[in-house]
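Protein chains in written order, with this note's numbering: chain A, 96 to 420; chain B, 569 to 1013; chain C, 237 to 849. Below: the structure, in structure tokens.
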């Protein structure tokens, strides 16, 4: 019998979400980034459309994380303390398509920087690069609410991706996003239902769906990646099957999550069988990123320049296969 | 197609005779539906039942074995997504040996790979096979390499050799070890005869799905059933899509020509690229992954991913029951206790870390169950936790004499204090997310 | 009780339940009581304001008894309900049950005319009685209890050979368990008793007519040893505590029997048969069997089918020779309350239709199936729908708010069971309340307050923000009735446990909700259950309303049916061995179903098409 390709047609389509605003739209970005729009599983060009390819971002810091690996510190030595300069390097040298500004340093236990200082950091990054910007917070509700209100105001009109709100703390930040024209990341702890519930709660407060990116919470390789992987596959399957509250693009953090783990940092003398630490750190991040890409990631926040490079190259290569089918 | 418990029940005698070892026909039907039992256990099953259930139970992807003793088993998969059930047989990961390299080099590589082993979560991880690619123009280089691999390693062997005489000579050297033969060209009758003669699997290569389906059909008709399929287009996206189409055809449509495990040779420009390609294809259905060179960090990364993706999602994953340091605790730091269900551990440790304090997290043995489930089953109660504290010698390592228990098991407070003389037991919050505010408001040590 | 004892100690010594969350420190205010009469000495504390003390309220833990004090205990007082109209056998409809409604009890009275002995008929008294008995049914052997034997000669001779016997006839072997001279019998009575983890309910039944004379409902006095089964099992693990739990349940039942018999004007000694149903743990505790193996893998109880036990051996204050039957269990987590409950539904009459039976008690149980097959599972729902675990909750008894409506203007309208001042809210009222809070947007779909339209309805107390149901001055206990986010979370967890178990059990069999032809709902919600509201909050599936049937206490009704007819006892016996039990706790899909149900009405809105309307 002749072979016939079994195609699966889906009722649903992933919502298109645009990050960044150009001059015409009231911002100062040179370009915007749009993700989503898929009508089939990741890279399944043979049975659906993928108008926007997944994109890669790199992260800069208001305060250098204590666990930042030496191999990365070496690469960024001259700019690491200056988020604006580091952002420039990420975009111009390494090809980052967006910049994430981590405001971890505003956490009361991790630097306790003020909201005003955070706003300055964000402004500096917005001035030094022209790509869209992600603003990444932390889980100290009281402080991050205060910080994000201020930062949203400072970046008004730029349509930044405000990262993140969660079920127990969404109202203040979501309201600030609406007021100042930003997009939001809805983060939930590796659970399809909780992810969906948060999207429903946001919708119930009339937050537009085309301004929400989901973060299913990244577990890295060796530390529960299979949970994230399967939850993402389920979210994407349900979204494509027509569940509007799950038909949203997804953000993942292979960079920050891989950087933390022992495998990316431990010296070779402690674990000779693990191989060279610099390679290992990048491999760990690449492997995490590529698996999650297969599971449906649309926006990947990376740390290692080599990882960003090869993941971006792979995405572009995979999108070329569109021509073949 | 999978049958539901009720569908199967309707085919059974409904006598609740218990001859199958299960008390009721319905319970037996449920076990059959979950593939935890076989119809042959029912002595009264009708022919109709046998026919219907037999067709439903055959795995859509054939199990293929490589190697003689302790073979590498691949295939036998039944789902597209691991969350639907599980992925059963971990892909083999191996390294290519090229016969054009000098023998000393080859021997060094073989020995290095043979010696390489790394432990992760109690599992000993090693490379599974060598792909021996004959790219020298001397036939004896091929047989010599096989000889080296055979003598110096226990790895399975895949042979890629376009010289039929050399291939046969090579196979003669490894008669009883079920190797695989990688065909670069369209399969011909001689290949099939050779595979049969040496109980070898055949890896068929095609540049299109149609071509590959045709080859597989031809081989099957000729009675070669130990097949592995390789689509070679050079583009990662095409490979992902072709793999998906083949897997779906087999699993959903029971399309026999594609009911075999898949093969990939990772053709990469550098190590980063190789990890990227191998990682994606490991997730998306390849069962044999060949790496062009030996790189410890790469193997360790891919072994870890393989272990993760092929974990049974239906089984709770446990972490080792022991004392985990969070941050940089001193003997005077606070002590938390929870169960060894991995998700519980990840969430609790994350929230303690998030609170900014350093602490000891005692992860007690509870058979990988969550706090409430373990409590209900008597596995996380005062007595068992106290015993664990003694077995793990908590008092030797830690000077603190206060322990924080999860709020949902406030009831074990009294028993735990009885079991741990000198300790004060503090009831913590019910939800881990409340830990950061809890540690601020309570005297923890 | 010596003067100077605190009320709390006095209450505890009397084995009555009274909660004191702070352990008697005068700090928490959970042990508030209302003084009815007598003298006492109390002191004000932070937990009870001065003005309430003036109105006659006191904290039991800091109040000393001076003289003959009579107090009303809150919440978990010993309560007692009498049926308004007694229930007659003819009210049982064959088509609505799965058993028989022909009166044929295993213990019954038989009137005999025993010929007085003569030189010709010189068989012994017992032999002549046996001879007469054989005319009353198919019987192989007749035995006689020793205590009866002692009364036999006198009884026969008193009224010329006319005697009333009571026989225990579980098959073809009969036992005479009582005898009285003809015309002097005060009747043969039985009790049907449902032992719930939270409440115990009892019917006093005339075994000669099958009619229910009285119904008494009381709180299971074991409640102070833990609210759920696992806590009780845990409690029983310490030396002496198993006996304590046994004594508490026996005292609960004896007390109910005493009240019911007093009201009916009969003697407990005329009760010859008790038909008990309850979950496996409760039955173990009633029998004084160690329940620990119920909890531990592989979850095996000592017994599923309990043999007849003499009531005296358990400690029941009924006739010395009375027999006790316990409805058979399926396993550790599906007990005789479920087999009895199924008997009280028509589920087993039909082999075509598929029905579902939901018993939303403290531990919820479900059955789906029909005549040919039955699948069952248990879920740990918690006592919220029976009034436990929610601060303003109470069982469906006097003073309980049983229905709630919130008007568009934000006015809370409610009905109280006896029409007087409210003391708390029972399950049906809590379901209404939750549905109304959601409908009017007071809470969002995860059950958190939105505090938008009427901020005046929200109050702050030591338990956080709450929604004010009724002000203290209008409430029996003088304290405002308030529902907090924590209470709402408890209710949502409870409904989620029930719904997710339903959904998972169906998935296990391979059925969808709309393939269920009828749903029978049992539980201690109250007299009525607003199905619409139960669907609105996602406790019950969104199906045509005509498919729902609310049964109330089906376990009690099932125990009554077993009491009525020995055929029913045989039906449940066979049933208990045929039901297939599914363990949900170990099902990896359970957590997913559960978190999906932790939303109002559910995360998957396609399951609740009518909820958006």
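Idealized CB from N, CA, C, for every residue including glycine.
Enumerate in chain order the residues of its own chain whose CB-to-CB distance from residue 416(A) is below 8 Å, with the five nearest sequence positions on each side excluded. 138 and 140
Listed in chain order, which residues of the stretch 591-612 of chain B have Cβ atoms closer than 8 Å to some Cβ of chain C? 591, 592, 593, 594, 595, 598 and 601
Is DSSP giving residue 821(B) helix, strand or coil here? helix
Contact list for the stretch 315-346 of chain A against chain B, Cβ threshold 9 Å: 316, 317, 318, 319, 320, 321, 322, 324, 325, 326, 328, 329 and 332
Cβ-based neighbour list, residue 321(C), same chain, cut-off 7 Å, excluding 5 preceding and 5 following: With a pLDDT of 44 at residue 321(C), under the threshold of 50, the modelled position of this residue cannot be trusted; read the value that follows with caution. Excluding residues within five positions, none has a Cβ falling inside 7 Å.
Examine chain B for any beta-carbon lying closer than 7 Å to the beta-carbon of residue 752(C), and answer yes or no. no
When you compare the stretch 506-514 of chain C with the stretch 419-432 of chain C, are there three or more beta-carbon pairs, one atom per stretch, that lie closer than 8 Å? yes
DSSP three-state label for residue 945(B), please. coil
Along the stretch 362-384 of chain A, where does the CB come closer than 7 Å to a CB of chain B? Name the residues. 368, 369, 370, 371, 374, 375, 377, 378, 379, 381 and 382
With 16 other Cβ atoms within 10 Å as the buried cut-off, status of residue 598(B): buried
Residue 531(C) CB to nearest chain B CB: under 7 Å? yes
Kindly indicate the opening and closing residues of the alpha helix (DSSP H) around residue 353(A). 349-355
Quick one: is residue 850(C) buried, meaning 16 or more other Cβ sit within 10 Å of its Cβ, or exposed? Outside the displayed span of chain C (237 to 849) sits residue 850(C), for which this structure offers no information.
C-beta neighbour in chain C for residue 882(B), strict 7 Å: yes
Sort out for me which residues DSSP pairs residue 909(B) with in a bridge. 886(B)
Buried or exposed: residue 312(C), going by 16 or more other Cβ atoms within 10 Å of its Cβ? Model confidence at residue 312(C) stands at a pLDDT of 43, short of 50, so the residue's coordinates are unreliable; what they give is reported in the following sentence. Buried.
Ignore the nearest five residues each way along the sequence and tell me which others in residue 583(B)'s own chain have a CB closer than 8 Å to its CB. 593 and 612
Closer than 7 Å, Cβ to Cβ, to anything on chain B: give me those residues from the stretch 126-151 of chain A, in chain order. 138, 139, 140 and 141
Between residue 295(A) and residue 272(A), is the Cβ-Cβ spacing less than 7 Å? no
At what residue ranges does the stretch 163-190 of chain A contain a whole run of the alpha helix (DSSP H), taking only runs of 4 or more? 165-171 and 178-187
Who are the Cβ neighbours of residue 381(A) in its own chain at under 7 Å, not counting the five residues just before and after it? 402, 405 and 406
Can you look up residue 187(C) in the DSSP assignment and give me helix, strand or coil? As shown, chain C starts at 237 and ends at 849. That puts residue 187(C) outside it, with no answer to give.
Starting from residue 400(C), trace the beta strand (DSSP E) in both directions and tell me its first and last residue. 398-404
Contact under 7 Å by Cβ, residue 444(C) with residue 400(C): no
Mind checking residue 829(C): buried by the 16 CB within 10 Å criterion, or exposed? buried
Going by C-alpha distance, which of 382(C), 466(C) and 695(C) is nearest residue 708(C)? 695(C)
Where residue 140(A) falls: helix, strand or coil (DSSP): helix
Any chain A beta carbon closer than 7 Å to residue 720(C): no
Shortest alpha-carbon distance to residue 100(A) belongs to which of 142(A), 121(A) and 112(A)? 142(A)
Using a Cβ-Cβ cut-off of less than 8 Å, give me the residues of the stretch 732-759 of chain C that come near chain B, in sequence order. 744, 745, 746 and 747
Just the chain C side, please: which residues come within less than 7 Å of residue 262(A) by C-beta, in chain order? 682
Whole angstroms are fine: how far does the CA of residue 593(C) sit from the CA of residue 575(C)? 11 Å
Helix, strand or coil for residue 324(C), going by three-state DSSP, please let me know. coil
Where does the unbroken beta strand (DSSP E) through residue 410(C) begin, and where does it stop? 409-417
Roughly how many whole angstroms lie between the Cα atoms of residue 701(B) and residue 721(B)? 17 Å
Hey, residue 345(A) and residue 385(A): beta-carbon distance below 7 Å or not? no
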